[in-house]
Amino acid sequence: MVSVIIPAAGKGTRMKAGINKAFLELAGKPMLFRTVMRFAGIEGVGEIVVAVGADEVAFIRWSLSKIPGLPAVKVVAGGSERQMSVANALKAVSEDADTILVHDAARPLVTKSVIESVIAEAQKSGAAIAAVKAKNTIKRVSADGVVEDTPDRSTLWEVQTPQGFSRGVIMEAYLRAMQDGFVGTDDASLVERMGHPVRVVEGTYRNIKVTSPEDILMAEAMLRDEAIGKAKDGIETLMVKLAEKAITLRQKVEKEMRK
Ligand code: CTP
Ligand code: MG
755 MVSVIIPAAG KGTRMKAGIN KAFLELAGKP MLFRTVMRFA GIEGVGEIVV AVGADEVAFI
815 RWSLSKIPGL PAVKVVAGGS ERQMSVANAL KAVSEDADTI LVHDAARPLV TKSVIESVIA
875 EAQKSGAAIA AVKAKNTIKR VSADGVVEDT PDRSTLWEVQ TPQGFSRGVI MEAYLRAMQD
935 GFVGTDDASL VERMGHPVRV VEGTYRNIKV TSPEDILMAE AMLRDEAIGK AKDGIETLMV
995 KLAEKAITLR QKVEKEMRK
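Position 26 of the sequence shown, counted from 1, bears residue number 780 in the working numbering, the numbering being contiguous throughout.
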């Protein structure tokens, strides 16, 4: 069984909205709900563990219980750093989970296909992350603002979530990081420092991390585009069904006329 951890206990400082950005509405629905709903109906996912602020736990537990079609949902208190929030969620993961995925609440545009690819690769090799090729040239710059070097762009990837691991790999990586006082900016970095290979799965450029106010505009535009795409597919399916009915009807009429 796959358990999905969703860290949502941040403060959203860069969003400057005065509240945890996970509760901001995106095209009419709170970001956290949109993100959680992306994991509904994914084969193998048996549990979602959400980490929110200690004072938000009861309300979010109640709110998420109202969403139909979700696997079992647990809500736990997060910590002061993202890593602490994930560590707390790891403690609540079911004994039955052999694969553990971590996905930021702030990435509500993740697709089913990327989630499934990360699960498959994590089950195969023990550690997998979604990432996209860097589009921009990236430079290493010193603290006083002088360029130090320009790493070859073809080797650079922008890392996203989901990041997926076998249970043993992520549990050991978190235990060791805690023991060593290591704090990383993603989950995979904790696994890398144990010498365990981490495989990259190609993600999508749409899977942005909603971080600053302009990201809301982009996320809402992409959500609307998805909704239009779904509506178009729905209309096409309906047209095909209608055409099929018309053909059957015509065949019936022709048969009657031949009698
Ligand atoms: N997160 C968390 N616990 C923390 C910090 C962050 O669970 N102590 C979560 C956030 O809620 C978010 C994800 O980790 O879903 C990625 O973090 P980020 O985008 O940095 O969100 P915030 O920390 O909320 O934003 P900021 O850094 O601007 O304050
Ligand atoms: Mg943060």
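Think of the CB as a built atom: it goes at the ideal place given N, C-alpha and C, for glycine as much as any other residue. Since we're looking at a predicted model, the values are computed, not measured.
Which of the three DSSP states, helix, strand or coil, is assigned to residue i?
i            : result
residue 1013 : coil
residue 966  : coil
residue 872  : helix
residue 795  : coil
residue 817  : helix
residue 860  : coil
residue 956  : strand
residue 946  : helix
residue 779  : strand
residue 939  : coil
residue 927  : helix
residue 889  : coil
residue 895  : strand
Tell me the DSSP bridge mates of residue i?
i            : result
residue 831  : 806
residue 801  : 757 and 826
residue 1001 : Bridge partners of residue 1001: none, in fact.
residue 853  : 756 and 920
residue 905  : Its beta-bridge partners do not exist; DSSP assigns none.
residue 882  : 918 and 953
residue 912  : 886
Sorted by chain position, which residues of the same chain lie with C-beta nearer than 6 Å to residue i's C-beta, five sequence neighbours on each side aside?
i           : result
residue 830 : 805, 842, 843 and 846
residue 976 : 863 and 960
residue 927 : 944, 945 and 948
residue 879 : 953
residue 903 : 894
residue 891 : 907
residue 786 : 762, 776 and 859
residue 931 : 944
residue 924 : 854
residue 910 : 888 and 892
For residue i, I'd like the list of residues in its chain whose CB is within less than 7 Å of its CB, leaving aside the five on either flank, ordered along the chain.
i           : result
residue 973 : 780, 862, 863, 962 and 964
residue 950 : 880, 881 and 923
residue 873 : 756, 798, 853, 855 and 918
Just mark residue i as buried or exposed, buried being the case when its beta carbon has 16 or more other beta carbons within 10 Å.
i            : result
residue 936  : exposed
residue 808  : exposed
residue 1011 : exposed
residue 970  : buried
residue 982  : exposed
residue 839  : buried
residue 773  : exposed
residue 1002 : exposed
residue 916  : buried
residue 836  : buried
residue 792  : buried
residue 818  : buried
residue 789  : buried
residue 1014 : In the structure as shown, the chain begins at 755 and stops at 1013. Residue 1014 is therefore absent and cannot be evaluated.
Can you list, in chain order, the residues of its chain whose CB lies under 8 Å from that of residue i, leaving out five sequence neighbours each side?
i           : result
residue 875 : 882, 918, 953 and 955
residue 851 : 755, 756, 757, 800, 801 and 921
residue 811 : 829, 830 and 831
residue 870 : 796 and 797
For a cutoff of 7 Å on Cβ pairs, would you count residue i as touching chain B?
i           : result
residue 898 : Considering every chain present, this structure includes no chain B. It has just one protein chain.
Who sits around the ligand CTP, taking every residue whose Cβ is closer than 7 Å to one of its heavy atoms?
761, 762, 763, 764, 765, 766, 767, 768, 769, 774, 775, 776, 805, 832, 833, 834, 835, 836, 838, 839, 858, 859, 860, 963 and 965
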